[in-house]
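Following the working numbering, the numbering of the sequence shown begins with 48 at its first residue and continues without gaps. Even glycine gets a Cβ: it sits at the ideal position worked out from N, Cα and C. Since the model is a prediction, treat every value here as computed from it, not as a measurement. Taking it in order: structure first as structure tokens, then the write-up.
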Amino acid sequence: MDLIHVQDAKMLKTKPARGKVYTVGASCNTNIVINNREAKLHLDSGAFCTCAGKDYLDRIYTNWKESLTPMEGIQFSSASQDMHPLGIFEAEMIFPHPAGSIRLKVEFVVMNNCTSQHFILGNDYLNIY
């Protein structure tokens, strides 16, 4: 492979001592507005799909079942267990920001056995936006 014009990356923060770089990892959690309600979201590039747990939806958006689109014959798994999809919940999601907020129409796969206490924006939407 021919490499042309290679330069060192500029660091935005001071690098920790050798062997301690793992200590500067940051959370990928943020606050969003979904269907006009405040909620929490985790940006997860390792998640195959954008999803939400049934129990979390029950807490913050009680009538989500009315708009659920059924899905069948699809299997999902997390790092530790098989996941059981109930269907698709479509919602309008807003990332609030003082300089201008961003709105997306998002389809969340609702998982019956997901214990997460936030929405998860997965690799599917991270790839298309």
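Every beta strand (DSSP E) stretch that sits fully inside the stretch 52–90 and reaches 3 residues is listed by chain position as 76–81, 84–90.
For the set H165, N160, Y172, Y176, the Cα lying nearest the Cα of N78 is the one of H165. From the listed residues M158, N76, L168, the smallest Cα separation to E119 is found for M158. Following the DSSP letters along the chain, one finds L151 inside the beta strand (DSSP E) bounded by residues 149–158. Excluding its 5 nearest sequence neighbours in each direction, L90 has C-beta neighbours in its own chain below 6 Å: C75, L168, listed in chain order. Rounded to whole angstroms, S127 and C161 show a C-alpha spacing of 11 Å.
I141 and G134 have their C-alpha atoms roughly 22 Å apart. F95 is the residue among D55, P143, F95, A99 whose C-alpha sits nearest the C-alpha of D171.
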